[in-house]
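K.L.:
Numbering (my numbering), first residue to last: 442 to 860.
1) Going by DSSP, which residues form a beta bridge with residue 849?
2) To the nearest angstrom, report how far apart residue 561 and residue 492 are at their CA atoms.
3) What are the uninterrupted segments assigned as alpha helix (DSSP H) that are 4 or more residues long and contained completely in the region 505-545, given in chain order?
4) What does DSSP give as the partner residues of residue 502 in its beta bridges?
5) Going by beta carbon distance, what residues of the same chain come within less than 8 angstroms of residue 645, once the five residues before and after it are set aside?
6) Straight-line CA distance for residue 711 to residue 666?
7) Are residue 464 and residue 616 touching if we call contact CB-CB under 7 angstroms?
8) Quick one: what does DSSP say residue 583 is sitting in, helix, strand or coil?
9) In whole angstroms, what is the alpha-carbon distance linking residue 756 and residue 503?
10) Among 480, 765, 672, 819, which has the Cα closest to the Cα of residue 801?
11) Which residues in the same chain as residue 849 place their Cβ atom closer than 8 angstroms to its Cβ, once the five residues preceding and following it in sequence are excluded?
12) If you reduce the DSSP assignment to three classes, tell me which class residue 795 lands in.
13) Would you tell me roughly how many angstroms separate the C-alpha atoms of residue 574 and residue 752, rounded to the nearest one?
14) Going along the chain, which residues of its own chain have a beta-carbon closer than 8 angstroms to the beta-carbon of residue 604, five neighbours each way excluded?
15) For residue 701, collect the residues of the same chain with a Cβ closer than 7 angstroms to its Cβ; drop the 5 residues on either side in sequence, then sort them by chain order.
16) For the candidate residues 708, 789, 853, whose alpha-carbon lies nearest to that of residue 811?
17) Buried or exposed for residue 540, please, with buried defined as at least 16 other CB atoms from any protein chain shown within 10 angstroms of its CB.
18) Within its chain, find whatever has a CB closer than 6 angstroms to the CB of residue 669; leave out the 5 residues flanking it on each side and keep chain order.
19) So who's on the other strand from residue 764, going by DSSP bridges?
20) Curious, which full-length alpha helix (DSSP H) runs of at least 4 residues does the region 683-750 contain?
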């Protein structure tokens, strides 16, 4: 196979759910390598030479993996892909490089593909720990969870459900921040598949760090923010999969937002947690839901030109400044906004220094409401000032700016941003 033509210039895009499955299978295999004490394996790359490849420290390919998530249970439906897997060649592939084929259905016949000529190599169907040579899409999370549990048992580390779920969250975030961000670039049309994926290897050391990280309990801020991120990303994945062919939905901006969330450090993620719904008084597992994720993503999908390279995902317009998407719902009664709902939000803003910092930096909060835009100062009937935030910056202009933050509907924001 000519690498420069058939791999380097490849731009084929798998379905979003298929790509997520492919990444999880790659994580599963890497964990098995760690369990087996495989010391040669150094890093993983997804969607380069094959669906994923394991390399040693010198860049030699130890194994090539073709992953097919389709529903076909007939082996003949995979013959072309198997032959292609046998043909892949490059300077860093040799006769010792293993070639594995992964499927999501029971094919009945899992006999290896035997090379027919010198240009072909042997391809074997991958075997999972449960003895099967296939892994259904619906079972991949369960098998990956079992793999984490097996590793922790082998390494004599704490194997509680809390620790397993925390480590899984870290592994998924690692996958998101490296591999899936590259896939988003392919969807956005910014880079060819090989170039995007080749820049984002995952080392086995990084996977090992995820497996050995620990938290204290359910209330540990790290685990709550970790689950918050997972809730955002997993729900977003479902929205992307359901709307990939919807012409009036901005998949490009949703992918960009998803990528930014996957890569956020903890302080920025904490700011996002509160800014999405400022009337939350603490970081808890109850502080986020599917509904709030969808409200937030509906704004991202509706309005174009999202900015993600600086802090929180936002928009900008020369006259009115910055616009921050939120999951705030301001209900109305008899054509008037519910004062109670507004006051609940304002009270939270007054008491939360993290949100106040956000309000100082952003000029407009995009909310779910049917009302013309209004500043925070008009909404608040509460007395007293915002708590001081910084020992350095306590001037009146800072407080004035916070009071002038506007609540604005997504429709009005879209109109202003299109001017």
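The beta-carbon is built from N, C-alpha and C at its ideal position, and this holds for glycine as well.
P.N.:
Reading it off the structure:
1) Indexing the chain shown from 1 puts residue 849 at position 408. DSSP lists 807 as partners of residue 849.
2) On the chain shown, residue 561 is found 120 positions in, with the first residue counted as 1. On the chain shown, residue 492 is found 51 positions in, with the first residue counted as 1. Taking the straight line joining both Cα atoms gives about 18 angstroms.
3) 520-528
4) Residue numbering aside, residue 502 sits at position 61 when the chain shown is read from its first letter. BP columns for residue 502 point to 496.
5) Along the chain shown, one-based indexing puts residue 645 at 204. So the qualifying residues of the chain are 471, 474, 475, 482, 483, 484, 485.
6) As a working note, residue 711 is residue 270 in the chain shown. As a working note, residue 666 is residue 225 in the chain shown. When rounded, the distance between both Cα atoms is 7 angstroms.
7) To locate residue 464, count along the chain shown from 1; it is residue 23. To locate residue 616, count along the chain shown from 1; it is residue 175. In contact: residue 464 and residue 616 (Cβ atoms closer than 7 angstroms).
8) Position 142 of the chain shown, counted from the start, is the residue given in the question as residue 583. Residue 583: helix per DSSP, three-state reduction.
9) Start at 1 with the first residue of the chain shown, and residue 756 comes out as number 315. Start at 1 with the first residue of the chain shown, and residue 503 comes out as number 62. Answer to the nearest angstrom: the Cα atoms are 45 angstroms apart.
10) Residue numbering aside, residue 801 sits at position 360 when the chain shown is read from its first letter. Ranking 480, 765, 672, 819 by Cα distance to residue 801 puts 765 first.
11) Counting from one through the chain shown, the residue named residue 849 turns up at place 408. Closer than 8 angstroms at Cβ, skipping near neighbours: 764, 805, 806, 807, 808, 814, 857.
12) On the chain shown, position 354 is the one that residue 795 refers to. Here residue 795 sits in helix by DSSP.
13) Looking up residue 574 in the chain shown gives position 133. Looking up residue 752 in the chain shown gives position 311. Roughly 44 angstroms separates the two Cα atoms.
14) Sequence index remark: in the chain shown, residue 604 carries index 163 (1-based). If we look at residue 604 and ignore the five residues flanking it on each side, its Cβ neighbours are 593, 598, 655, 656.
15) To locate residue 701, count along the chain shown from 1; it is residue 260. Here the set comprises 749, 754.
16) One-based indexing of the chain shown puts residue 811 at position 370. Nearest C-alpha to residue 811: 853.
17) Position 99 of the chain shown holds residue 540. The residue is buried, with at least 16 neighbouring Cβ atoms inside 10 Å.
18) Counting from 1 along the chain shown, the entry for residue 669 is found at position 228. Result list for residue 669: 714, 729, in chain order.
19) For the purposes of this step, residue 764 is taken as residue 323 along the chain shown, with counting starting at 1. 756, 805.
20) 692-704, 707-717, 731-743
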